[in-house]
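Presented below is the structure to which this report refers.
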Amino acid sequence: MTTAVLTETEPLKASDRCDRCGAAAYVRVVLGGGELLFCAHHGKKYNEGLAKVAIEIHDFSDQLVETQKIAADDER
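Residue numbers for the sequence shown, in my numbering: 168 to 243.
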């Protein structure tokens, strides 16, 4: 029986960008030869395939918050 051991990882910084589209990265995928960073959208899109080859996947997308757009009084 093998047990997966998660290593400590630094939180992603604002300068960390998605390797697919350049948006802010929220997912870090650790591979045998390095790592890939993805935005929440591409992290979800490629999750199934990445899970098959990744050593670890760190998903910080729970840090995303929905913002509400508020119209100015004269725009209502």
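Every residue, glycine too, gets a C-beta built ideally from N, C-alpha and C.
Since the model is a prediction, treat every value here as computed from it, not as a measurement.
CA nearest to the CA of residue i, picked from the options
i, options, result
"E202", "K212, E177, V232", "E177"
"L231", "H225, E215, A207", "A207"
"K219", "D229, G199, I237, S228", "G199"
"H225", "G189, R184, C185, Y193", "Y193"
"I222", "N214, S228, S182", "N214"
Cβ-Cβ separation, residue j to residue i (assumed contact under 8 Å), whole Å
i, j, result
"L217", "V196", "5 Å"
"A191", "A181", "7 Å"
Proximity test, residue i beta-carbon vs the ligand FMN heavy atom, cut-off 8 Å
i, result
"K212", "Absence of the ligand FMN is noted for the structure shown, with no ligands found whatsoever."
For this session: Quick one: which unbroken beta strand (DSSP E) runs of 3-plus residues sit fully inside the stretch 187-243? Chain order, please.
Result: The stretch 187-243 contains these whole beta strand (DSSP E) runs: 194-198, 201-205, 223-226.
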